[in-house]
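Engineer:
Protein chains in written order, with my numbering: chain A, 1 to 782; chain B, 1001 to 1264; chain C, 2001 to 2156.
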């Protein structure tokens, strides 16, 4: 018998045993025969001309196998950007070259200039110091607001004003008209602080070339190996796609930062043929700080127009988005498509206009980081809404209720159609969970201790399940966003699933197995999930944007449907019944209305031992695959409440309670879903209180380049979270799921900052609200 | 990390000889700062002289109401020591808050003092308690030991053997941590000693320093209110992306007040 | 000049000649090929490399292999029983979903065992403070704290 009721059960994770015993295989754990080790020589300057790169001494150093520079890789193409954004004047975005090793110029601290390959890592590191680079240091454009000023140093000749694009979205005229007629306008101006992703596993890659069949294998810490391969072969190296295998083994966290095709991956693959040996590189954490694509970094002016009853009339948003020195793989889409389309939030705001200027600067490239555009949008909407409530002296829950979308499907003025939702329900649930009723008393108690207590709300929405390929294509995507899955039923009825999704902590090996075991009515132990290897998996778009179960899971379900349909044909033959009379339930193919039935494993065996089998009509074997392209995005939404206590003497903020109620639609494994929410909350709270990437505004030196200066949330920085869920199933995928990976990071910063501004009685405090920042805000108020 | 030669002498004399032989040799205590700095290639000693094989550098003994702690004693050992907890609970508590769990299991008292990181905790206790730093050559009073950022009175080849901490009437250490590194942004050690109250501040300046105005106020009355109104000047204090000199100066007063309150 | 180091790792005696600059983490990962001990940073702050040195948690990335000469070292591979039964701390992490990507996990588990050893019946706050040397980017620590609470009961 199969396991019943697997959907909705907190099954313990299948992957945990190997992780808990040190038996996982991460990229740096892979050591190949004849292994060599690489170190990159990187620019110490934010902006400089390369006068000369001298490698003679390094090449002669002990153990050195090869040293290569931009001149050596001149024939190799630059890194591509996967999304075309068109400016409001109709011109395409500027796409300057993104060389894999710097050619004439370096454009950010950490820009790779040369690779040194040696017998040991220590030898490579020693030799790297002997590479002599002659730089002519140039003035740098660093802060996004400075970079667009007239006369700012140009990062690329192709964009003399440093503007990659000026993109407009929504009906500007309708918005202007609504603002003129408004009873009240709430305006805020703030930065959304730049973050460094910091997956605890640093990026790593190990490339090996085989002369035997002129093929390459690249082991890489990556979230989407097929995309990595496609971009690398078709757009950069010009290699035949079938001659390159990309393996993303166990990956120690991604959070977006391992989606992208990085220069190091390409250089290693290219160099492995030059030295004809495997070449491994593992980032030191300092390199990760300088070269993993960063996240956020917006400067925004946002306005909300309201009538006298607190109804939202229109929203106007102007954002400068820092793209860094080069366009990373999805950089262009994050502050545009994934941002402005979410500005309706949960509300019926009838007119919205957003203008986003993408700006090149002499900083590390900026791309998707957990939430990718949607945390920035939520921050704009929810800071505005809460501030508007304060301006109008309204209850912050009430102003939201007055503006909630209540009828679905709902087409927003920024291009999305929400299929379903129930925002009042999550708000009601969180008010209860957070014991908002008891807040006034808690505030009094805090005051007695000399502490300032504040409360903040945030009601977010996100678009997940990326994405309907045709919609994405119309918006400029240069790739499809479907997913693929394969169900391999073995003769004994055991099942291996091959999925294009990739797990780097999300627990797919368990969640997907639950879905499969439930659908096939077999024990979960009989199901294994394989992912992360282009040599095994038919195709895949990978894991990001909370898409795995909604898109990758659906592809598996579609393939399972094919397996069951074929099984019905086999069962009908065996039981001499009409195919239409066969029902599949709880692991048995049964002739309807009779007790005649065959177990799933019997059918599988028959498929592979087809002695009594309709071979004239049906192929043997039981192996099916499916590609699934979603018809709409999914729209997870939720309501968060944060309560803080501020020590006015020191500026220290302590989160006393954080309550989150999310609507992810149906849930397969509540334990895993809660874990995803916890992790997202930690990153969102980290953004609000601790984390902020800082560059020297003149020199472009990274000031937060180690854990000594970049404040990562530790256990005692964070509260115990109270989480709950409500369920309005997604209407357009068979599992009714929406995605849960990013929610916590999307909804929480605004809740925290709304609570801090409430505690202090000020309009705004910049993120991260470090003790010094909060202390200064208190001083400024006095 | 650059190449170096490694030595593990069994006696203090051999260690001193090894250090004397090479001007670029360094003594290795627990290595929790030194190894980290060598890994980043910020430090390049020709030789490392590992002191962990020298038995006489370890151990804690009660000493006329105070305690003498061997230079190679780990922070965790000090934190857990019944002798230290009894004689100077504030010192045990300070040791329990140094770095993190793993650093405390490896890092040593002597290593911390010889390094004299401006944000280290132990210098505040040594200066705040008026301790004596014992070396293979002499006894150095705390007030003469610390010479500013990463500088001490130690001469070439001189090795800290132990530190003698006299027991105060009462004492406490309160630390405001750097949110990223967790080092002391400002740490204040307050002690009411036989020689009068002492206030030692770490993290705020280029090296640990005393605040005479606070000590005077505490001599008149040992209570939080006595220091609450005493401001230190921001001039000369550290300023970085985590805290300006003004904010640090403000925190010195707040932490001092809280330390006095904690001392009881 | 290479130095000879000998130590016991997970109960087995090992000896090797290494460069003096070899870190204990490198010795464990590269020389012994015990890759469960992870390296997540270069400033000795993430704690992923935590192992037990003579019974106490230390960061193997910030110790020379020579410093462990003669010592008893236990890594994440050495704490389950020989038959594969998980240590109570490992089991508690599994039961309470105290891990996601698994990269910080070995160090987290080794630290947590040390924590419970020094603080046998820790409160939630003591656990949070006691994890001061370990970073996790996935779990938000919530379930790690729960796991350690449960393990402390099981280890009593």
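Positions of the beta carbon are idealized from the N, C-alpha and C atoms, including for glycine.
This one's a predicted model, so the numbers in the text were calculated from it and none came from an experiment.
With DSSP as the reference, label residue 422(A) as helix, strand or coil.
Structural biologist: Correct three-state label for residue 422(A): coil.
Engineer: Using only the alpha-carbon positions, how far apart do residue 1(A) and residue 517(A) sit?
Structural biologist: At residue 1(A) the pLDDT is 38, less than 50, meaning the model places this residue with poor confidence; the figure from the coordinates comes in the next sentence. Rounded to the nearest angstrom, the two C-alpha atoms are 11 Å apart.
Engineer: Would you say residue 1265(B) faces chain A, with C-beta separation under 8 Å as the test?
Structural biologist: The question about residue 1265(B) has no answer here: the residues shown for chain B are numbered 1001 through 1264.
Engineer: Can you tell me which residues form a DSSP beta bridge with residue 164(A)?
Structural biologist: Residue 164(A) pairs with nothing; no bridge assigned.
Engineer: Give the secondary structure of residue 558(A) by DSSP, where H, G and I count as helix, E and B as strand, and everything else as coil.
Structural biologist: Helix.
Engineer: Any C-beta of chain C sitting closer than 8 Å to the C-beta of residue 21(A)?
Structural biologist: Closer than 8 Å: yes.
Engineer: Check whether the Cβ atoms of residue 460(A) and residue 195(A) sit closer than 8 Å, and answer yes or no.
Structural biologist: No, they are not a contact pair.
Engineer: Whose CA, out of 1179(B), 1106(B), 1231(B), 1059(B), lies closest to the CA of residue 1254(B)?
Structural biologist: Nearest option by C-alpha distance: 1231(B).
Engineer: Suppose the cutoff is 6 Å on Cβ atoms and the five residues either side in sequence are ignored; what does the same chain contact list for residue 1228(B) look like?
Structural biologist: Contacts found: 1257.
Engineer: On the DSSP bridge list, what partners appear for residue 626(A)?
Structural biologist: The partner list for residue 626(A) (beta bridge, DSSP) reads 485(A).
Engineer: At the 8 Å Cβ level, is residue 790(A) part of the contact set with chain C, yes or no?
Structural biologist: Absent from the model: residue 790(A). The displayed extent of chain A is 1 to 782, so no value can be given.
Engineer: Suppose you measure from the CA of residue 642(A) to the CA of residue 672(A); what does that come to, to the nearest Å?
Structural biologist: Distance between the alpha carbons of residue 642(A) and residue 672(A) is about 23 Å.
Engineer: Using a C-beta to C-beta distance shorter than 7 Å, which residues of chain C count as neighbours of residue 1187(B)?
Structural biologist: What residue 1187(B) touches in chain C: nothing, since even the nearest Cβ is about 16 Å away.
Engineer: CA-CA distance, residue 179(A) and residue 411(A)?
Structural biologist: Roughly 21 Å separates the two Cα atoms.
Engineer: With a threshold of 8 Å between beta-carbons, can residue 1244(B) be considered close to chain A, or not?
Structural biologist: With 8 Å as the cut-off, residue 1244(B) counts as an interface residue toward chain A.
Engineer: Check whether chain A comes within 8 Å of residue 1094(B), counting only Cβ atoms and requiring the distance to be less than that.
Structural biologist: Residue 1094(B) does not count as touching chain A.
Engineer: Within 10 angstroms of the Cβ of residue 510(A), are there 16 or more other Cβ atoms? Answer buried if so, exposed if not.
Structural biologist: Its Cβ being crowded by 16 or more others within 10 Å, residue 510(A) is buried.
Engineer: Which full runs of the beta strand (DSSP E) of 3+ residues lie inside the region 221-276 of chain A, going along the chain?
Structural biologist: With a minimum length of 3 residues, the continuous beta strand (DSSP E) runs that stay inside the region 221-276 of chain A are 244-247.
Engineer: From the DSSP output, which residues share a beta bridge with residue 210(A)?
Structural biologist: For residue 210(A), which the question treats as bridged, DSSP gives the partners 215(A).
Engineer: Using a Cβ cut-off of 8 Å (strictly closer), state whether residue 1006(B) contacts chain C.
Structural biologist: So yes, residue 1006(B) belongs to the interface.
Engineer: Have a look at residue 1206(B) and residue 1129(B) and give me their C-alpha separation to the nearest angstrom.
Structural biologist: If I take the Cα positions, the gap works out to 20 Å.
Engineer: Can you give me the start and stop residues for the beta strand (DSSP E) that residue 494(A) sits inside?
Structural biologist: First-last for residue 494(A): undefined, no H or E at that position.
Engineer: Please determine, among 1156(B), 1086(B), 1119(B), the residue with the shortest C-alpha to C-alpha distance to residue 1150(B).
Structural biologist: For the residues 1156(B), 1086(B), 1119(B), the minimum Cα distance to residue 1150(B) belongs to 1119(B).
Engineer: So which residues on chain B does residue 2067(C) lean against when the C-beta distance must stay under 8 Å?
Structural biologist: The contacting residues are 1028, 1031, 1050, 1052.
Engineer: Here's a check: name, in chain order, each residue in its chain whose Cβ is nearer than 7 Å to the Cβ of residue 755(A), leaving out the five neighbours to either side.
Structural biologist: Taken in chain order, the residues that qualify are 454, 455, 456, 642, 643, 644.
Engineer: Go ahead and label residue 686(A) buried or exposed: buried means 16 or more other beta carbons lie within 10 angstroms of its beta carbon, across all protein chains shown.
Structural biologist: Label assigned to residue 686(A): buried.
Engineer: Among the residues of its own chain, which have a CB less than 6 Å from the CB of residue 3(A), if the five just before and after it don't count?
Structural biologist: Interpretation of residue 3(A) is limited by its pLDDT of 46, a score under 50 that renders its predicted location unreliable; no figure is taken from the coordinates.
Engineer: On the three-state DSSP scale, how would you describe residue 2106(C)?
Structural biologist: Correct three-state label for residue 2106(C): helix.
Engineer: Between the region 429-436 of chain A and the region 627-643 of chain A, can you find at least three pairs of beta-carbon atoms closer than 8 Å?
Structural biologist: Yes: at least three Cβ pairs fall under 8 Å.
Engineer: Of all Cβ atoms in chain B, is any one closer than 8 Å to the Cβ of residue 2006(C)?
Structural biologist: Judged by the 8 Å Cβ criterion, residue 2006(C) is not in contact with chain B.
Engineer: Less than 6 Å between C-beta atoms, sequence neighbours within five positions excluded: which residues of the same chain meet that for residue 534(A)?
Structural biologist: 225, 226, 229, 245, 246.
Engineer: Could you check the C-alpha separation between residue 1242(B) and residue 704(A) for me, to the nearest Å?
Structural biologist: C-alpha separation (whole angstroms): 10 Å.
Engineer: Determine the chain C residues that contact residue 284(A) at a beta-carbon separation under 7 Å, and present them in chain order.
Structural biologist: In chain order: 2042.
Engineer: Going by beta-carbon coordinates alone, are residue 1059(B) and residue 1107(B) separated by less than 8 Å?
Structural biologist: Against a cut-off of 8 Å, the Cβ pair of residue 1107(B) and residue 1059(B) comes out as no contact.
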